[in-house]
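In our numbering, the protein residues as written are 14 to 530.
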């Protein structure tokens, strides 16, 4: 079990990457926790001020992320990450010195929120795309899951450490400690061995345009659905940095250490969600993503009606689980379904809709909480996410011809019934454009084309297995006997039926839908 869960850590470059990220993120979460408390102190307990800080922090993501994805597809990702993390660390140090001096006022916090957001706007999409260069494709789901687990380990440790430090000291020392930790990724990226990275061919990076990436996603309905769903959930549902601090201090009259407990409980659940997906070896199915979204929405709705601190803390545990299980499944579905030469731009679009919409959602959440109360802002967010997930489910059922059946005989259950293979019209099949005239293998050593005869049998077996899985997903069958049919062309001459391994179908998706109910 442990060898399966942590198998990506056997890769040296990924191990260095994960360590640096863990150290930095512990510091970042300490800083964010102390910053939330500082804003409430400076603003007189204003949820609107918290919403403004969060909005300003993610505004650069909204404005710069797509351009950052273009940079990721054209230039060395490792060097970009060194530069972005160095800028973040220097900015954080200046901010910490200002807070420690006692001269900080609210507009200073607003200013540094923007500056730190600019560094993050460049770093986040590049880092998302860079993970695929650290490990081979079969290890990518595990690597992405462990990255999410690393993030949530930091979410557990960071706020907990910040809560203790805030109770013992004041905000100044917390910021100083956080900035020291934030420098770690600069050294971890420099220690990596570039010749061991798994890179696509350099020719694929030339002439990369943002518009080409957007058009590519528009032609891929299997990418459009998770991206659009996460746009709604990311904008409205994932605003816990705004709501939890206000809920703890205003509604439950808790101190900083108790606020850290709420954030830590949410992060413990999120860590469980990340580890639950670490054994995934293939692309998640669309119904798994939708089912996780429905479950998260119902739980967030319930948190808004929590009568006291203890009940809220208990509800945040499964809410955190499904929040990351959803985000991770959507991320895997997008990242594992995209051609390598478009990965930077597609992942920048994903980051844009998931994080870049935060300025809108945080502002609305802060305004709503100030006007109608913090609990109302939480349960309303859950309701919006539920409607978005339900709309995604209805759209997917309509275009695929699948249907959901409720069985009342014996034990009541919900089942997904797929349309028979010969009933699926050609236009319902996702289209994948084949760009390269000759395949380029993602192999260690600066993207040299895969010509080694020893690698061909393994690659052929992987491709054939992936195609089998894709056909099984379309037909609802567990197995496909006989030879794999050659890719056919759609009316525009584009190759379809390319490998799109949909995993976790059947019972997994049914379980997710049942839990959502």
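Ideal placement from N, C-alpha and C gives every residue a C-beta, glycine not left out.
Q. Just to confirm, are residue 249 and residue 405 a CB contact at a threshold of 9 Å?
A. no
Q: Give the secondary structure of residue 416 by DSSP, where H, G and I count as helix, E and B as strand, and everything else as coil.
A: strand
Q | Proximity winner among 253, 56, 159, 111, relative to residue 344 (alpha-carbon distances) | A | 159
Q) Among the residues of its own chain, which have a CB less than 6 Å from the CB of residue 373, if the five just before and after it don't count? A) 248
(Q) Residues in the same chain with beta-carbon distance under 6 Å from residue 21, minus the five sequence neighbours each way, listed in chain order, please. (A) 27, 148, 152, 155, 156, 159
Q. Should residue 42 be labelled buried (16 or more other beta-carbon atoms within 10 Å of its own) or exposed?
A. buried
Q) Which same chain residues, not among the five before or five after residue 101, have their C-beta less than 6 Å away from its C-beta? A) 132
Q: Please go through the same chain and pick out, in chain order, the residues whose beta-carbon is closer than 7 Å to the beta-carbon of residue 337, but skip the five residues on each side of it.
A: 161, 165, 283, 286, 287
Q) How many whole angstroms separate the CB atoms of residue 263 and residue 387, which I take to be in contact at a CB cut-off of 8 Å? A) 6 Å
Q | Where residue 118 sits in the DSSP three-state scheme | A | coil
Q. So residue 428 is in the beta strand (DSSP E); what residue range does that whole segment cover?
A. 426 to 430
Q. Around the C-beta of residue 416, are 16 or more other C-beta atoms found within 10 angstroms, so that it is buried, or is it exposed?
A. exposed
Q: Take the Cβ of residue 33 as the centre, count every other Cβ of all protein chains shown within 10 Å, and call the residue buried at 16 or more, exposed below.
A: buried
Q.
Could you check whether the stretch 51 to 63 touches the stretch 111 to 122, counting it as contact only if at least three pairs of C-beta atoms, one from each stretch, sit closer than 8 Å?
A. yes
**Q.** For residue 320, three-class secondary structure by DSSP
**A.** coil
Q) What does a CB cutoff of less than 7 Å around residue 379 pick up in its chain, not counting 5 residues either side in sequence? A) 60, 61, 63, 64, 65, 255
**Q.** Residue burial classification, residue 422 (beta-carbon count within 10 angstroms, cutoff 16)
**A.** exposed
Q) Going by other Cβ atoms of all chains shown within 10 Å of its Cβ, with 16 needed for buried, is residue 145 buried or exposed? A) buried
Q) Any idea if residue 163 is buried or exposed, counting beta-carbon neighbours within 10 angstroms, 16 or more meaning buried? A) buried
Q | Nearest-angstrom Cα separation, counted from residue 335 out to residue 293 | A | 16 Å
(Q) Would the stretch 380 to 400 count as touching the stretch 313 to 321 if we require 3 or more Cβ pairs under 8 Å? (A) yes
Q: Measure the beta-carbon distance from residue 74 to residue 357 and round it to whole angstroms, keeping in mind my assumption that it falls under 8 Å.
A: About 15 Å; that fails the 8 Å criterion.
Q: Helix, strand or coil for residue 88, going by three-state DSSP, please let me know.
A: coil
(Q) One question on the structure: do residue 279 and residue 308 come within less than 9 Å of each other, judged by their Cβ atoms? (A) no
Q: Output yes or no for whether 9 Å exceeds the beta carbon distance between residue 246 and residue 310.
A: yes
Q: Less than 8 Å between the CB atoms is what I'm expecting for residue 297 and residue 342, so what's the real figure, rounded?
A: 4 Å
Q.
So residue 138 and residue 85 are supposed to be a Cβ contact under 8 Å. How far apart are they, rounded?
A. 6 Å
(Q) Can you find the residues in the same chain that come closer than 8 Å, C-beta to C-beta, to residue 261, ignoring five residues on each side of it along the sequence? (A) 267, 271, 272, 275, 322
Q. If you run the structure through DSSP and keep just helix, strand and coil, what is residue 212?
A. strand
Q.
For residue 367, which residues in the same chain have their Cβ closer than 6 Å to its Cβ, ignoring the five residues on either side in sequence?
A. 243, 247
Q.
According to DSSP, is residue 233 part of a helix, a strand, or is it coil?
A. coil
**Q.** Proximity winner among 333, 103, 194, 230, relative to residue 550 (alpha-carbon distances)
**A.** Outside the displayed span of the chain (14 to 530) sits residue 550, for which this structure offers no information.
Q.
Please list the terminal residues of the continuous alpha helix (DSSP H) segment that includes residue 37.
A. 25 to 56
Q: Using the Cα positions of residue 31 and residue 141, report the straight-line distance between them to the nearest angstrom.
A: 13 Å
Q. From residue 198 to residue 208, what distance separates their C-alpha atoms?
A. 19 Å
Q | Close beta carbons around residue 331, own chain, < 7 Å, minus the five adjacent residues each side | A | 282, 312
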